[in-house]
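What follows is a short report on a single structure.
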Amino acid sequence: MVGGPPSRSAGLQVRGGLRFDGPRATAHAVRTKFHRPGDALDLYSRVVHPIEGAAPIEVAGCVVCEGARATPRFAVDGIDATIVECSGCGLGWFEPLPNPDEIAALYPQEYYGAPGAKFLSLIEWAVRVVAARHVRFLSAGLAPGAAVLDVGCGRGVTLSPLADRGFEVHGLEVSEQAVRGADPRASIRIAPNLAAAGYEAGCFDQIVIWHVLEHLADPKGTLLECHRLLKPGGRLVVAVPNFSSWQARFGGAGWFHLDAPRHLFQFPLLALRALLERCGFACGRDYHFSLRQNPFGWLQSLQNRLDPARPNRLYAAMHGDASRASVGGRLATVVPWLAIGALPAIALSVVEAVFRSGATVHVVATRGDTPDRP
Ligand SMILES: [Zn+2]
Numbered sequence: 017m018v019g020g021p022p023s024r025s026a027g028l029q030v031r032g033g034l035r036f037d038g039p040r041a042t043a044h045a046v047r048t049k050f051h052r053p054g055d056a057l058d059l060y061s062r063v064v065h066p067i068e069g070a071a072p073i074e075v076a077g078c079v080v081c082e083g084a085r086a087t088p089r090f091a092v093d094g095i096d097a098t099i100v101e102c103s104g105c106g107l108g109w110f111e112p113l114p115n116p117d118e119i120a121a122l123y124p125q126e127y128y129g130a131p132g133a134k135f136l137s138l139i140e141w142a143v144r145v146v147a148a149r150h151v152r153f154l155s156a157g158l159a160p161g162a163a164v165l166d167v168g169c170g171r172g173v174t175l176s177p178l179a180d181r182g183f184e185v186h187g188l189e190v191s192e193q194a195v196r197g198a199d200p201r202a203s204i205r206i207a208p209n210l211a212a213a214g215y216e217a218g219c220f221d222q223i224v225i226w227h228v229l230e231h232l233a234d235p236k237g238t239l240l241e242c243h244r245l246l247k248p249g250g251r252l253v254v255a256v257p258n259f260s261s262w263q264a265r266f267g268g269a270g271w272f273h274l275d276a277p278r279h280l281f282q283f284p285l286l287a288l289r290a291l292l293e294r295c296g297f298a299c300g301r302d303y304h305f306s307l308r309q310n311p312f313g314w315l316q317s318l319q320n321r322l323d324p325a326r327p328n329r330l331y332a333a334m335h336g337d338a339s340r341a342s343v344g345g346r347l348a349t350v351v352p353w354l355a356i357g358a359l360p361a362i363a364l365s366v367v368e369a370v371f372r373s374g375a376t377v378h379v380v381a382t383r384g385d386t387p388d389r390p
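Numbering of the sequence shown is given in the working numbering, commencing with residue 17 and proceeding in unit increments.
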């Protein structure tokens, strides 16, 4: 992931020594009610609480529509800020946003896992198989040797198969640790954000931001930089969780893809498309089915609803480095859910895609005219 300077910072505090500066009184009265001292800082076990019936608060300005009012929706244990929803466009974000140091602290060593071993080995294999299929989508229509940048390339599971197809592959990461074990054919830069990476204007044929935009403190600045870095007519592929999806509404505070506090923004599909247009892109098709993301999101969101005090146990059991339980104990958690739930979850994901309400979505956009800069 890469991050930019926060457009609004102040008042967010994470237990474990993190402090987000500057008070923001408007959200404070709402969030203190849910503050629970003494919780451990943990990757996936933070409890998210719905905020019912809150009145809209004044905000500095929505990134998408510049609206000045937003409604507090969720409070997150250990985070002294609330997730608010824009009254104009439905965008969600942490109000106030954390600063870059505090964001970095949300990604401890175990978030990335050992090289090639983030998940249980069988699941890791499946992730790589699905990634290879995904690459067929990403490479469709690209000229031989095209230059492709993956923003937030992580362990580079997408870059290797793109290199196999003869593309010139580039990756950007904020974390040196995250890229350990990446394919040596990939040219990877480590930088705190895209603008700081020092790429030249017009040097890429395609930029991919795959489930990264929602992690960034400055999504608009990142998209504007993508516009600068793409060749005329170049292609941008952006995937995000869909805050306006059926799954988001079903899951509520327990929606798996809320992924608080790492997801700083929550994009409804229409807000994402509006932001892309503002940043100078012509939006093409949006895609609503992801075998890698959407069925699991249904299962984990259901489990979270059934047992809201212990969120994301299924994911933690599948995440090899995040659980201290034995492999047998982890399988005992995972196997019944997958055996009973996998097919219904896949079927549900197909139906939601047909109705264009994918739990995660990806949009293909083309670099167009001058962006609508502030
Ligand atoms: Zn808005």
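Just so it is clear, CB atoms sit at the ideal spot from N, CA and C, and this is done for glycine as well.
It should be emphasised that the depicted structure is a prediction, and the values quoted were computed from it without experimental measurement.
Residue i (DSSP reduced to helix, strand or coil)
i: Thr376; result: strand
i: Thr98; result: strand
i: Phe183; result: coil
i: Asn320; result: helix
i: Gln309; result: coil
i: Ala41; result: Reliability fails at Ala41, whose pLDDT of 29 lies under 50, so the model's placement of it is uncertain and no value is given.
i: His273; result: helix
i: Asp117; result: helix
i: Leu229; result: helix
i: Cys242; result: helix
i: Phe266; result: helix
i: Ala163; result: strand
i: Val64; result: strand
i: Pro352; result: helix
i: Arg329; result: helix
i: Arg89; result: strand
i: Val366; result: helix
CA-to-CA distance, residue j to residue i, given in whole angstroms
i: Phe283; j: Glu230; result: 7 Å
i: Val253; j: Leu59; result: 27 Å
i: Ala276; j: Tyr123; result: 12 Å
i: Pro360; j: Gly77; result: 41 Å
i: His65; j: Ala120; result: 24 Å
i: Ala162; j: Arg89; result: 43 Å
i: Ala207; j: Gly187; result: 11 Å
i: Arg301; j: Glu368; result: 16 Å
i: Pro311; j: Val79; result: 30 Å
i: Asp388; j: Val256; result: 22 Å
i: Val164; j: Cys81; result: 30 Å
i: Pro131; j: Arg196; result: For Pro131, the predicted structure reports a pLDDT of 45, less than 50, and the residue's modelled location is therefore unreliable. A value from the coordinates is still provided. For Pro131 and Arg196, the distance between alpha carbons rounds to 6 Å.
i: Asp323; j: Ala358; result: 19 Å
C-beta atoms of residue i and residue j nearer than 8 Å
i: Gly104; j: Phe259; result: no
i: Ser155; j: Phe183; result: yes
i: Val92; j: Arg62; result: yes
i: Tyr331; j: Gln309; result: no
i: Leu158; j: Gln263; result: no
i: Ala217; j: Leu292; result: no
i: Arg205; j: Ala213; result: yes
i: Val173; j: Arg144; result: yes
i: Cys295; j: Lys247; result: no
i: Phe305; j: Val366; result: yes
i: Tyr303; j: His378; result: yes
i: His243; j: Arg383; result: yes
i: Arg85; j: Glu68; result: no
i: Leu175; j: Ala198; result: yes
i: Phe272; j: Asn209; result: no
Local Cβ density within 10 Å of residue i, reported as buried at 16 or more and exposed below that
i: Pro160; result: exposed
i: Gly20; result: Only weak support is given to the placement of Gly20: the predicted model assigns it a pLDDT of 38, under 50, and the value that follows is read from those uncertain coordinates. By the 10 Å Cβ count, Gly20 comes out buried.
i: Gly170; result: buried
i: Thr376; result: buried
i: Ile356; result: exposed
i: Thr238; result: buried
i: Val167; result: buried
i: Phe110; result: buried
i: Leu288; result: buried
i: Gly249; result: exposed
i: Thr98; result: buried
- In chain order, which continuous runs of the beta strand (DSSP E) of length 3 or greater are located wholly inside the segment 196-223? The segment 196-223 contains these whole beta strand (DSSP E) runs: 203-206.
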